[in-house]
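Listed in order, the protein sequences are those of chains E and S. All letters in the first sequence, in the order written, are residues 1 to 336 by my numbering. All letters in the second sequence, in the order written, are residues 1001 to 1336 by my numbering. The beta carbon of each residue, even a glycine, is placed where N, CA and C say it ideally should be.
Number of protein chains: 2
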Amino acid sequence: MTAPSIGNLADLARIAGVSTSTVSRALADSPLISEKTRTRIAELAREHGFQLNQVARNLRLGRTQAIAVVLPLGDESAQHVSDPFIMTLLGFLADALTERGYDLLLTRIVPADDKWLDRLTISGRVDGVIVIGQSDQRAVLDRTAARYLPLVVWGEAGIGQQHCAIGTDNREGGQLATAHLLSQGRRRIAFLGNPAAPEIGARHAGYLAALADAGVTAEPSLLLPLQLGSEAAFGLTRDFLAAHPEIDGIVAASDVAAMGAIRALSEAGRAVPEAVAVIGYDDVPFAAHTTPPLTTIRQDLGKGAELLVAALFERMAGTATPSVAFAPELVLRASA
Amino acid sequence: MTAPSIGNLADLARIAGVSTSTVSRALADSPLISEKTRTRIAELAREHGFQLNQVARNLRLGRTQAIAVVLPLGDESAQHVSDPFIMTLLGFLADALTERGYDLLLTRIVPADDKWLDRLTISGRVDGVIVIGQSDQRAVLDRTAARYLPLVVWGEAGIGQQHCAIGTDNREGGQLATAHLLSQGRRRIAFLGNPAAPEIGARHAGYLAALADAGVTAEPSLLLPLQLGSEAAFGLTRDFLAAHPEIDGIVAASDVAAMGAIRALSEAGRAVPEAVAVIGYDDVPFAAHTTPPLTTIRQDLGKGAELLVAALFERMAGTATPSVAFAPELVLRASA
DNA sequence: GCGTTTTCTGCAATCGATTGCAAAATTGAT
DNA sequence: ATCAATTTTGCAATCGATTGCAGAAAACGC
């Protein structure tokens, strides 16, 4: 049985018969404290189940030891709650931050005005901010970045952009995906996704580039503008197939979208990949378990999280870091 | 252009030419402050983009205004990072807490010793704790609950259990799922999941009960003990099919598992649902988008999150709340 | 105009830690 | 035993807010 737990450092000091300074130093392993008292105090602390009050400690030290991770639920879909891609990244971020002794404050925001980010940065609740996805908030991000250094964003590194964005090279990813379908002899390739979103726009650009490289004329009518995070891929693809039965490949902007497309194809009696090849994007955990398993473009989120956190800590230390776009990777499975 | 921002309440007081007490009260809308100075100070605060330091405020008020949400990565799978089920619940929790003005501290823990929960509760960093999933940590949860009131757990409400658990009635869910297959005339029904985990054990009990009700003899060999959160459902099912080609139904312990099973069936040339019906569990977001779409047992996580948070706040206010098991729901789609 | 209420504002203690500086205790040399 | 050098400990200020209590200012009555 452990003794009743103790409220604060002063209580412990009283029990130990020393001053609070001594206790504080002992617990911090300060060399100013003799080996003997240090172990004695450590012993007492353990015995009474004492832990420092982190709030007080952080106030004194002028830090919070916490990082905000923000999911802005912009324009499109106040409901991509469950996008497995985002959630996987979140898991990796939690690990990376925990490893460095930081707490992760999860914040979901529906940007009503353009002050949501300011409120967070000056609240003093966190030492830094990671925003997942630029959504339609690039202006806000740029403005805040000019004034608040410890801010990094998962997303597309656009030209002239003021904030530090880290992500995969979406253009290259789109190109990889499309080139793979082309290499299989596919020629009527649709793009499933809305290029208005920054990341998707870049993937679409890659798609166009690959077609051009192969000497295939891009057909604007083969674009299916699916809202990001929407679950409408199935319906969209089904209707599209009626109008364009000639397609033999689909480049989807996400694995979730690819899944919807596969179901639509399957119900229309078009075999995947024999009749129509489908390639996804992200390589989310379930991508390996669809029927057929998804060929897709992998974004290494473990690496992404590591880069985000590393950049953030550099920024917390005072150095502005550049944006990073690292290479995505083609994962071959059965759908294309 | 806004004026340069101001560090603390004292600065603002100096600018306003009043004491910090007055500023503090004005910002808190205290009736002790005259209308005139109150608006004047509010104006100044806005103008200078001033916000109270939450850390200091919380220290003074003896609270943190933050709730820890813990994902214990127990025995099985240090890798259910991405389980869409957990992540969906997390999203709802974030909303429910934000709504009440609380921050959500996300913590992933691999329970190495039996102190992980104590460390959290006495660190003073949070006002309450929500643990997602009991994993193999029921003893720790019970012990902590005896001493620390503001703790609620998503999971199975077992008998004699000391902590407050909230979740769906897993036994009923297992029974619903199995009864549905039986009602279609299926008789050789396998169970895919590991009954050793509390929730799955209850679902398995429901499965057995439904079989008994229908007068069907339960066949122990039809149990596929899949680790929770594992991605081995595909391989397990494939191997199982070779040994038991006679089965005509599978009750899966999760949608992720069901998806793996469907792929295995599909590759073995057994049509779903014609030859073998498959029913999932959870109704995760992608369940509607598999091929074929999953018939499954829905756990209403929006409601679950609401119940968790409501119970937690009651407990923070001092009243012990009972465990809750609410009813799951059969969702009919195409796989069974 | 003067005393009494009522309204408004400020002083100073407090939350629970950390840390510079000075004082006390210990050690060592002679 | 004495004094200097060194080690160990404690005092008190500080981080940025909140709040009980007392004092100043304004309003009121006669």
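CB contact check: residue i to chain S, cutoff 8 angstroms
{"i": "E:H48", "result": "no"}
{"i": "E:G260", "result": "yes"}
{"i": "E:F286", "result": "yes"}
{"i": "E:S123", "result": "yes"}
{"i": "E:R143", "result": "no"}
{"i": "E:R203", "result": "no"}
{"i": "E:H180", "result": "no"}
{"i": "E:N53", "result": "yes"}
{"i": "E:T168", "result": "no"}
{"i": "E:P150", "result": "no"}
{"i": "E:L308", "result": "no"}
{"i": "E:P84", "result": "yes"}
{"i": "E:F240", "result": "no"}
{"i": "E:N194", "result": "no"}
As assigned by DSSP and simplified to three states, the class of residue i
{"i": "S:I1109", "result": "strand"}
{"i": "S:G1304", "result": "helix"}
{"i": "S:D1118", "result": "helix"}
{"i": "S:R1143", "result": "helix"}
{"i": "E:T321", "result": "coil"}
{"i": "S:T1286", "result": "Sequence check: residue 1286 of chain S is Phe here, not Thr. In this structure, S:F1286 counts as helix in the three-state DSSP scheme."}
{"i": "S:D1103", "result": "strand"}
{"i": "E:F92", "result": "helix"}
{"i": "E:R315", "result": "helix"}
{"i": "E:R298", "result": "strand"}
{"i": "S:F1050", "result": "coil"}
{"i": "S:T1168", "result": "strand"}
C-alpha distance - residue i paired with residue j, whole-angstrom precision
{"i": "E:P31", "j": "E:T37", "result": "11 angstroms"}
{"i": "E:D113", "j": "E:S135", "result": "14 angstroms"}
{"i": "S:V1331", "j": "E:L208", "result": "41 angstroms"}
{"i": "S:D1142", "j": "S:A1157", "result": "12 angstroms"}
{"i": "E:V152", "j": "E:A320", "result": "10 angstroms"}
{"i": "S:R1025", "j": "E:Y102", "result": "33 angstroms"}
{"i": "E:A232", "j": "S:P1293", "result": "14 angstroms"}
{"i": "E:I307", "j": "E:Q227", "result": "For the record, residue 307 of chain E in the displayed sequence is Leu; it is not Ile. Whole-angstrom Cα-Cα distance: 28 angstroms."}
{"i": "E:I337", "j": "S:A1177", "result": "The requested residue 337 of chain E does not occur in the structure, where chain E is confined to residues 1 to 336."}
{"i": "S:Q1161", "j": "E:R40", "result": "38 angstroms"}
{"i": "E:A42", "j": "S:W1116", "result": "19 angstroms"}
Residue j beta carbon less than 8 angstroms from that of residue i
{"i": "E:A261", "j": "E:T296", "result": "no"}
{"i": "E:Q51", "j": "S:R1119", "result": "yes"}
{"i": "S:I1166", "j": "S:G1304", "result": "yes"}
{"i": "E:F85", "j": "E:V216", "result": "no"}
{"i": "E:E243", "j": "E:A252", "result": "Reading off the sequence, residue 243 of chain E comes out as Ala, not Glu. Result no, Cβ atoms of E:A243 and E:A252 do not sit closer than 8 angstroms."}
{"i": "S:P1273", "j": "S:A1334", "result": "yes"}
{"i": "E:R203", "j": "E:G173", "result": "yes"}
{"i": "E:A212", "j": "E:L182", "result": "no"}
{"i": "E:P198", "j": "E:M316", "result": "no"}
{"i": "S:V1278", "j": "S:A1218", "result": "no"}
{"i": "S:V1129", "j": "E:G124", "result": "no"}
{"i": "E:V69", "j": "E:L44", "result": "no"}
{"i": "S:G1280", "j": "S:A1287", "result": "yes"}
{"i": "E:C164", "j": "E:P322", "result": "yes"}
{"i": "E:L312", "j": "E:I15", "result": "no"}
Span of the beta strand (DSSP E), counted from its first residue to its last, around residue i
{"i": "E:E351", "result": "Outside the modelled stretch of chain E, which goes from 1 to 336, sits residue 351 of chain E, for which no answer is possible."}
{"i": "S:L1151", "result": "L1151 to W1154"}
{"i": "S:A1252", "result": "G1249 to A1252"}
Closer than 8 angstroms to chain E by CB, residue i
{"i": "S:L1226", "result": "no"}
{"i": "S:S1019", "result": "no"}
{"i": "S:S1077", "result": "Note that S:S1077 scores a pLDDT of 46, beneath 50, so its modelled location is shaky; the value from the coordinates is reported in the next line. Not closer than 8 angstroms to any Cβ of chain E, the Cβ of S:S1077 fails to qualify, so no."}
{"i": "S:R1119", "result": "yes"}
{"i": "S:S1266", "result": "yes"}
{"i": "S:V1153", "result": "no"}
{"i": "S:M1316", "result": "no"}
{"i": "S:L1223", "result": "no"}
{"i": "S:D1283", "result": "no"}
Element boundaries [alpha helix (DSSP H), containing residue i]
{"i": "E:P72", "result": "Note, E:P72: premise wrong, no alpha helix (DSSP H); beta strand (DSSP E) at A66 to P72."}
{"i": "S:I1041", "result": "E1035 to E1047"}
{"i": "E:L222", "result": "Careful: E:L222 lies outside any alpha helix (DSSP H) and carries neither H nor E."}
{"i": "E:F191", "result": "Premise fails: E:F191 lies in the beta strand (DSSP E), I189 to L192, not in any alpha helix (DSSP H)."}
{"i": "S:V1023", "result": "T1020 to L1027"}
{"i": "S:L1032", "result": "Segment: none, S:L1032 is in no alpha helix (DSSP H) and carries neither H nor E."}
{"i": "S:I1262", "result": "D1255 to E1267"}
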